[in-house]
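Under this note's numbering, the first residue of the sequence shown carries the number 607, and numbering increases by one thereafter.
These notes are about the structure you will find just below.
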Amino acid sequence: MHPGVERGADVVSVAAPERPTGAADPTALPRLLQGAPLRSPADHLRVWGPLPRPRRAQLLAEVEAAGLTGRGGAGFPLAAKLAAASHGPAGTVVVNATEGEPVSAKDATLLAASPHLVLDGATAAAHATGAAAIVVCLKRSHAALARQVEEVVGLRRRAGLDPVRIQVTTAPDRYVAGQETALVRWLDGGEARPTTVPPRPTSRGVGRRPTLVSNAETLAHLALIARFGAAWFRSLGRPDAPGTTLATLSGDVRVPGVYEVPLGAPLGELIAAAGGDPAANGGVLVGGYFGAWVGPAAAAAPFCAAGLRPFGAAVGCGAVAVLPAGVCGLLETARVLRWLAGESAGQCGPCVNGLPAMADAFDAVVAGDPGGAAEAHLVRWAGMVERRGACALPDGAARLVRSALQVFAADAELHRRRGPCRPAPPVLPTPTPGGWR
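Written out as structure tokens, the structure reads:
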């Protein structure tokens, strides 16, 4: 078993070796949650020490050498975003902890347990880009956590830890409200709906100034790279996927929660660490609702971009939902697809027209789809909506549909012969949406 697969929140070790003392030890896991919860500045400094302040060029070079990619879903290299946001007038660093993905809890867990690492990372990003302000964005339903983070910000201010002003705010509870252009639009007083690019926020964002929008976990990794360097960061993970990542395990597992795992660890070992069966035939949703269903053959796949690519999946936000045996994967997909259609910002044809039509067609597949006409429509429409929206919502819906039709092909055939399954309580959550402001 890979060393240090470890559960977040209360940091319960699962089949892990004894944790070494000292966060600088390359084999130490967890990294992000070590010693958690750490809410007082004194406790944080006792574990991690002060945040270094190297020259900007040195910090950017170290981040590039580390190979840190975004942990919010897109996986874009952080060094490139930092460099892009470092030109022009002093702008803003936005800590994206909105976490609109219903099956992900990693950012909320991280902010509750190690808020100082996230804030240190934001401070380091502000130093690297020359930003004059930091805004921490959580979703509105996490108002209590937002108040905790505000208290931590106040403690840091009194301790003199932050040279840049930090503000904490809550954004609308919508699936696409956490998309970077949607957050910029909302912070500028508009609705939290995505806008077309270019220009990207790194060149014209909040207040029309350069803005770095980065996921909370990504910035926590940055805080550790600033302290211990690229070689330390790369001592776990793979050469093409360095470091660790936080994964939210849910569904048919005995110990659901947030786990820290080296990138490249087998997907099946992560499921087993949470008390699930890697060989279960029910299907596993990897990467959240923007992700893809995979079957038992993916249990040996490395949990990283290259390892999951042959299965049409990606790490995404790190969410892994294991479908219980006997639960209809087609019915679960239909519910999620209908929810995604309702989460459209209502601005682009592929979402406004395409997603509801795809949801109707998937309902027809669940109902039996005699002759396979609905399935044929789904395959065609999935290709038509991709890469045609202001955001990637149509792309995620198309990926989810294709993977479901492949992984649950035998179930679709049973539906054609026997009709729909009996209604059952949902496994995957579909929260009631809020407004756009």
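The beta carbon of each residue, even a glycine, is placed where N, CA and C say it ideally should be.
Small disclaimer: the values here were computed from a predicted structure and weren't measured.
Query: Since I believe VAL709 is in contact with GLY894 (beta carbons under 8 Å), could you give me their beta-carbon distance rounded to a whole number of angstroms?; Result: 5 Å
Query: Whole-angstrom Cβ separation of THR729 and VAL770, contact assumed at under 8 Å?; Result: 6 Å
Query: Give the DSSP-derived three-state secondary structure of ARG1043 in the structure shown.; Result: coil
Query: When the Cα of VAL972 is compared with those of GLY952, SER950 and ARG1023, which residue comes out closest?; Result: ARG1023
Query: So what's GLN773 in DSSP terms, helix, strand or just coil?; Result: strand
Query: Classify PHE682 as buried or exposed, calling it buried when 16 or more other Cβ atoms lie within 10 Å of its own Cβ.; Result: exposed
Query: Can you round the beta-carbon distance between LYS712 and GLU823 to whole angstroms, since I take them to be within the 8 Å contact cut?; Result: 6 Å
Query: What residues in its chain sit with their C-beta under 7 Å from that of VAL1033, if we drop five residues either side in the sequence?; Result: GLY857, LEU929, PRO930, VAL933 and GLU938
Query: Taking the straight line between their C-alpha atoms, what separation do you get for VAL900 and GLY924?; Result: 14 Å
Query: For ARG753 versus ASP779, is the C-beta distance shorter than 8 Å?; Result: no
Query: What span of residues does the alpha helix (DSSP H) with GLY989 cover, start to end?; Result: 979-991
Query: Of all Cβ atoms in chain C, is any one closer than 8 Å to the Cβ of THR698?; Result: Any reference to chain C falls outside this structure, which holds one protein chain only.
Query: Spatial neighbours of GLN785 within its chain, please: C-beta separation below 7 Å, excluding the five flanking residues on both sides.; Result: PRO800 and CYS997
Query: Where does TYR865 sit, in a helix, a strand or coil, going by DSSP?; Result: strand
Query: Apart from the five residues on each side of it in sequence, which residues of its chain come closer than 8 Å, Cβ to Cβ, to ALA1030?; Result: VAL933, CYS934 and LEU937
Query: Whose CA, out of PRO872, ARG815, GLU981 and VAL701, lies closest to the CA of VAL774?; Result: VAL701
Query: Which residues does DSSP list as the beta-bridge partners of GLY857?; Result: VAL928
Query: Can you check whether the CB of LEU665 is closer than 8 Å to the CB of ALA832?; Result: yes
Query: Can you give me the Cβ contacts of GLY922 inside the same chain, cut-off strictly under 6 Å, excluding the 5 residues immediately before and after it?; Result: GLY679, GLY893, GLY894, PHE896 and GLY897
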